[in-house]
Amino acid sequence: ERILHNHEAVARFAARAKSGPGFPPAWAELADPNAQAAEKWVPIMDVFLRHAVNLLMAGDAGAADRDESTAERAAAWAAAEESLKSLKREDREDLAECLRYLQQRVGVPRDMSLNAARRLRAELGKLSA
């Protein structure tokens, strides 16, 4: 639910992976409060966050391990793969970096429950693979 309501802020946060370190620099490798989003990646991350939410909604708790366990889940993966194919190879690598950036920084319980975070991290990991 928080991703849906805050999708722009979450996309901006994930897009920080493609920007340089903030100023003044922070010592915490995974938590630079001064980092800025790479603007090019904000709309692209928004699209892929929507794919991640679509995948989450398309399956049950066990679905993260079975990509095509239902027709709805297969359609969600097909849509995500189509979006991935529309990107250049180097852009797909940059996208994967943004997805992993978010995957590593989802906070429990600040951002979501433990189970929700596990599912989201699993879907982000699959999208970044």
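If you read the sequence shown in my numbering, its first letter stands for residue 3, the second for the next number, and so on.
Think of the CB as a built atom: it goes at the ideal place given N, C-alpha and C, for glycine as much as any other residue.
Here the structure is a predicted model, which is why all the values come from computation and not from measurement.
Worksheet item: How far does the alpha helix (DSSP H) with Asn117 in it reach, from first residue to last?
Response: Translated into positions along the sequence shown, residue 117 becomes position 115. Per DSSP, Asn117 belongs to the alpha helix (DSSP H) from Leu116 to Ser130.
Worksheet item: When you compare each of Asp96, Pro111 and Leu58 to Arg121 by their alpha carbons, which one comes out closest?
Response: Position 119 of the sequence shown, counted from the start, is the residue given in the question as residue 121. Residue Leu58 is the option with its Cα nearest to Arg121.
Fill in: Val108 - DSSP class collapsed to helix/strand/coil
Taking the sequence shown and counting its residues from 1, one reaches residue 108 at position 106. Note: Val108 maps to coil in three-state DSSP.
Discussion item. How far does the alpha helix (DSSP H) with Asn56 in it extend, from its first residue to its last?
Written reply: If you number the sequence shown from 1, residue 56 lands on position 54. Trp43 to Met59 is the span of the alpha helix (DSSP H), which, as asked, contains Asn56.
Practice prompt. Kindly indicate which three-state DSSP category Glu95 falls into: helix, strand or coil?
Written response: Reading the sequence shown from its first residue, position 93 is the one you call residue 95. Helix.
Fill in: Under 8 Å between C-beta atoms of Ala17 and Val44
Here residue 17 is taken as the residue at index 15 of the sequence shown, counted from 1. Here residue 44 is taken as the residue at index 42 of the sequence shown, counted from 1. The answer is yes: Cβ separation under 8 Å.
Item to complete: With a cut-off of 8 Å on the beta carbons, I'd call Ala40 and Lys20 a contact; round off their distance for me.
Response: Counting from one through the sequence shown, the residue named residue 40 turns up at place 38. Counting from one through the sequence shown, the residue named residue 20 turns up at place 18. So it is a contact: roughly 4 Å between Cβ atoms.
Worksheet item: Which class does Lys90 belong to by DSSP, given the choice of helix, strand or coil?
Response: Residue mapping note: residue 90 aligns to position 88 of the sequence shown, counting from 1. Of the three classes helix, strand and coil, the one that applies to Lys90 here is coil, per DSSP.
Worksheet item: Roughly how many whole angstroms lie between the Cα atoms of Ala131 and Ala80?
Response: The count along the sequence shown starts at 1 and reaches residue 131 at position 129. The count along the sequence shown starts at 1 and reaches residue 80 at position 78. Taking the CA atoms as reference points, Ala131 sits about 15 Å from Ala80.
Item to complete: May I have the straight-line CA-CA distance separating Ser71 from Val110, to the nearest angstrom?
Response: Stepping through the sequence shown from its first residue, residue 71 is reached at position 69. Stepping through the sequence shown from its first residue, residue 110 is reached at position 108. Their Cα atoms are separated by approximately 28 Å.
Worksheet item: Pick from Arg75, Arg112 and Leu97: whose alpha carbon is nearest that of Leu51?
Response: For the purposes of this step, residue 51 is taken as residue 49 along the sequence shown, with counting starting at 1. Ranking Arg75, Arg112 and Leu97 by Cα distance to Leu51 puts Leu97 first.
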